[in-house]
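Undergrad: In my numbering, the protein residues as written are 274 to 439. My questions all concern the structure below.
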């Protein structure tokens, strides 16, 4: 791409240097024009992550999405919040995964440990992924929608959660 500047009454014409550009279509991005859904967690019938649905921690499943490809790199972000919506730093987790041939068919699950969930105790979690394109790809990085889920990791006889060191 380049441009030329012409001014009325001025005989001098100026042209810019040639600049290479990459044109990307939203349709070609990971997730396509509608984007990527956030991670999916196993929930109780009431829609919570709890001791019942996550007795050993939980898995955030990234389902296969439009334009998924081997060697794309997924970055998983998980953050816990208390019942008043204050972030809990100790309930944060990040992880990454470079997709292989099985991941693009089956999706990939990121594990959130039990004690991370117990640290939230009663509140919410948010999770999302960022997809970095495969090397040599013409795609741009994209971020998924955010999944927000209520969490109640108390046992039936507890009013608050105690954390047992692993």
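For glycine and all other residues, C-beta sits at the position ideal for the given N, C-alpha and C.
In angstroms, rounded to a whole number, what distance separates the CA positions of residue 418 and residue 409?
TA: The residue labelled residue 418 in the question sits at position 145 within the chain shown. The residue labelled residue 409 in the question sits at position 136 within the chain shown. Answer to the nearest angstrom: the Cα atoms are 25 Å apart.
Undergrad: State the CB to CB distance for the pair residue 349 and residue 369, rounded to an integer number of angstroms; the pair is presumed to be in contact (CB under 8 Å).
TA: In the chain shown, counting from the first residue as 1, residue 349 sits at position 76. In the chain shown, counting from the first residue as 1, residue 369 sits at position 96. About 7 Å separates the Cβ atoms of residue 349 and residue 369, confirming a contact at the 8 Å cut-off.
Undergrad: Please return the same chain residues whose Cβ sits closer than 6 Å to the Cβ of residue 420, not counting the five positions on each side in sequence.
TA: Mapped onto the chain shown, residue 420 falls at position 147. Only 311, 312, 400 meet the Cβ criterion.
Undergrad: Is residue 422 near residue 387, with beta carbons less than 8 Å apart?
TA: By 1-based counting over the chain shown, the position of residue 422 is 149. By 1-based counting over the chain shown, the position of residue 387 is 114. For residue 422 and residue 387, no; Cβs fall outside 8 Å.
Undergrad: Apart from the five residues on each side of it in sequence, which residues of its chain come closer than 8 Å, Cβ to Cβ, to residue 378?
TA: Counting from 1 along the chain shown, the entry for residue 378 is found at position 105. Contacts found: 337.
Undergrad: In the DSSP output, which residue or residues are listed as bridge partners for residue 290?
TA: Here the question's residue 290 lines up with position 17 in the chain shown. In DSSP, residue 290 forms no bridge with anything.
Undergrad: Using the Cα positions of residue 385 and residue 278, report the straight-line distance between them to the nearest angstrom.
TA: The count along the chain shown starts at 1 and reaches residue 385 at position 112. The count along the chain shown starts at 1 and reaches residue 278 at position 5. Going from the Cα of residue 385 to the Cα of residue 278 covers about 57 Å.
Undergrad: Identify, in the order they occur along the chain, each residue of the same chain with its Cβ nearer than 8 Å to the Cβ of residue 284, setting aside the five sequence neighbours on each side.
TA: Within the chain shown, residue 284 is the residue found at index 11, counting from 1. Excluding positions up to five away in sequence, the list is empty.
Undergrad: Can you give me the Cβ contacts of residue 376 inside the same chain, cut-off strictly under 6 Å, excluding the 5 residues immediately before and after it?
TA: Locating residue 376 in the chain shown gives position 103, counting from the first residue. Answer for residue 376: no residue qualifies.
Undergrad: Closest to residue 430 by C-alpha separation, out of 324, 347, 414, 344, would be which residue?
TA: In the chain shown, the residue the question calls residue 430 occupies position 157. Per the Cα distances, 324.
Undergrad: If you run the structure through DSSP and keep just helix, strand and coil, what is residue 339?
TA: Taking the chain shown and counting its residues from 1, one reaches residue 339 at position 66. Coil at residue 339, not helix or strand.
Undergrad: Where DSSP assigns a beta bridge to residue 366, which residues make up the other side?
TA: Against the chain shown, residue 366 aligns to sequence position 93. DSSP lists 351 as the bridge partner or partners of residue 366.
Undergrad: Take the Cβ of residue 452 as the centre, count every other Cβ of all protein chains shown within 10 Å, and call the residue buried at 16 or more, exposed below.
TA: This structure cannot settle anything about residue 452, because the visible part of the chain is limited to 274 through 439.
Undergrad: Starting from the C-beta of residue 319, find all residues in its chain whose C-beta is less than 8 Å away, skip the five residues before and the five after it, and write them out in chain order.
TA: To locate residue 319, count along the chain shown from 1; it is residue 46. Excluding residues within five positions, none has a Cβ falling inside 8 Å.
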